[in-house]
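> Residue numbers (this note's numbering): 1088 to 1442. Below is the structure I would like to discuss, written out as structure tokens.
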């Protein structure tokens, strides 16, 4: 018998295996998509292709969900945790439906609608079919991956020694995943995910959380030659960003976002700002702003309140009665408005992107 695997090896092997299962499902969906009758998309989908696509995704969901207990048990064993279980995962409970509760058939039918809309909108038949296929591949792989994550979450709940989990992110990854690498959550905290996300949980035992035994060094990963040491997520967000070429930084984080980060802006603030993006009229012009960080618990809200209190604009005891006087501008809007680098840096700091 070979030597027992480390927690790192267990987590990365599990992530690779789950990603492989999702890819296999997507490959089968792509094969089935080629059987559609372009002269009768809805009819051929309903009669033959659709049911087989649903079966393929269901099989993929069963596969990823079935791996959950073994993964969690192996992590606990590697941490010398209590092996006792309060319950085991029922893989079939995570298969046959979409993560949002709708039927898989209803979800996957969206790809047919997308292709038909493309054709009606003037796309060539080939381009319209490719657009629908891309959506079908994205949806199918995401549903298979999410079934596995949901099963792992349930498996952790059934293992009382598990007190939380760390988000494991491995490159290549999108900006939304990168900023969450290594973040630790309670065992009952839902896993934030999005289409094409292949991040996984790293369950943490009571011992690991309280004594930090789980604080493992990351791989010395970098897409160039610079090291990227991180914590339990195996990837350090800032080191990963620094290791990307300028073109890749712009692609993953947007040109304006990457520029702000290179100027010293906080990675998380830049990425999260784009989630609540909207346009507003202020300072006599239409500006791009974000609602991220503007709630009463948000960083920008608290910073602005402290700023206005310090300047005597509002009473010191205003608390949550305080109302923001200014929208929170996005980094790209700041760069358009700033007349110099010094002004850009000052504005990035003013709107909460620089400390």
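C-beta atoms are modelled at their ideal positions from N, C-alpha and C, and glycine is treated no differently. Bear in mind that the values here come from a model prediction, so they are computed numbers and not experimental data.
Just to check my reading of the structure: residue 1339 and residue 1239 have Cβ atoms closer than 8 Å, yes? What is that Cβ distance to the nearest angstrom?
Taking the chain shown and counting its residues from 1, one reaches residue 1339 at position 252. Taking the chain shown and counting its residues from 1, one reaches residue 1239 at position 152. Their Cβ separation, rounded to whole angstroms, is 26 Å, which puts residue 1339 and residue 1239 out of contact at 8 Å.
> Could you tell me if residue 1252 is buried or exposed, where buried requires 16 or more neighbouring beta carbons within 10 angstroms of its beta carbon?
By 1-based counting over the chain shown, the position of residue 1252 is 165. It counts as buried.
> Going by DSSP, what residue range makes up the alpha helix (DSSP H) through residue 1195?
Here residue 1195 refers to the residue found at position 108 when the chain shown is read from its first residue. 1191-1207 is the extent of the alpha helix (DSSP H) around residue 1195.
> Could you tell me whether the region 1261-1275 touches the region 1169-1186, using the rule of 3 or more Cβ pairs below 8 Å?
With a cut-off of 8 Å, the region 1169-1186 and the region 1261-1275 do not count as touching, because too few Cβ pairs lie within range.
> Return the Cβ separation of residue 1128 and residue 1203 in integer angstroms, given the expectation that the two are a contact with Cβ distance under 8 Å.
The residue you call residue 1128 lines up with position 41 of the chain shown. The residue you call residue 1203 lines up with position 116 of the chain shown. Indeed, because the Cβ distance is near 6 Å, the residues count as touching under 8 Å.
> Can residue 1102 and residue 1287 be called in contact, C-beta distance under 8 Å?
Counting from one through the chain shown, the residue named residue 1102 turns up at place 15. Counting from one through the chain shown, the residue named residue 1287 turns up at place 200. In this structure, residue 1287 lies closer than 8 Å to residue 1102 by Cβ.
> Let me check one thing: in DSSP terms, what residues is residue 1273 bridge-paired to?
Position 186 of the chain shown, counted from the first residue, corresponds to residue 1273. BP columns for residue 1273 point to 1251.
> Is there contact here, the region 1418-1426 with the region 1325-1336, by at least three beta-carbon pairs under 8 Å?
No: fewer than three Cβ pairs fall under 8 Å.
> Are the beta-carbon atoms of residue 1391 and residue 1359 separated by less than 8 Å?
Here the question's residue 1391 lines up with position 304 in the chain shown. Here the question's residue 1359 lines up with position 272 in the chain shown. Cβ atoms of residue 1391 and residue 1359: not closer than 8 Å.
> Would DSSP call residue 1424 helix, strand or coil?
Locating residue 1424 in the chain shown gives position 337, counting from the first residue. Reduced to three states, the DSSP call for residue 1424 is helix.
> Report the rounded CA-to-CA distance for residue 1154 versus residue 1172, giving the unit in angstroms.
Along the chain shown, one-based indexing puts residue 1154 at 67. Along the chain shown, one-based indexing puts residue 1172 at 85. Cα to Cα, residue 1154 sits roughly 16 Å from residue 1172.
> Which residues in the same chain have their Cβ closer than 7 Å to the Cβ of residue 1382, if we skip the five residues on either side of it in sequence?
In the chain shown, residue 1382 corresponds to position 295, counting from 1. For residue 1382, where only same-chain residues beyond five positions count, the Cβ hits under 7 Å are 1388.
> Using 10 angstroms around the beta-carbon of residue 1242, count the other beta-carbons present and answer buried if the total reaches 16, otherwise exposed.
Along the chain shown, read from residue 1 onward, the residue named residue 1242 stands at position 155. Under this definition residue 1242 is a buried residue.
> For residue 1112, name the three-state secondary structure that DSSP assigns.
Residue mapping note: residue 1112 aligns to position 25 of the chain shown, counting from 1. Correct three-state label for residue 1112: helix.
> Among 1367, 1097, 1151, 1354, whose alpha-carbon lies nearest the alpha-carbon of residue 1435?
For the purposes of this step, residue 1435 is identified with residue 348 of the chain shown, where counting begins at 1. Residue 1354 is the option with its Cα nearest to residue 1435.
> Tell me residue 1083's beta-bridge partners as DSSP assigns them.
What the structure shows of the chain is the stretch from 1088 to 1442, and residue 1083 is not part of that stretch, so it cannot be assessed.
> Exposed or buried, which one is residue 1357 when buried takes at least 16 other CB atoms within 10 Å?
In the chain shown, the residue the question calls residue 1357 occupies position 270. Residue 1357 is buried by the Cβ-count criterion.
> Which class does residue 1290 belong to by DSSP, given the choice of helix, strand or coil?
One-based indexing of the chain shown puts residue 1290 at position 203. Here residue 1290 sits in strand by DSSP.
> How is the alpha helix (DSSP H) around residue 1412 delimited, first residue to last?
For the purposes of this step, residue 1412 is taken as the residue at position 325 of the chain shown. Neither: residue 1412 is in no alpha helix (DSSP H) and is coded neither H nor E.
> Let me know if residue 1406 comes out buried or exposed under the rule of 16 or more other beta-carbons within 10 Å of its beta-carbon.
Against the chain shown, residue 1406 aligns to sequence position 319. Exposed: under 16 other Cβ atoms inside 10 Å.
> Is the region 1132-1151 close to the region 1202-1219, with three or more CB pairs under 8 Å?
The region 1132-1151 vs the region 1202-1219: no contact.
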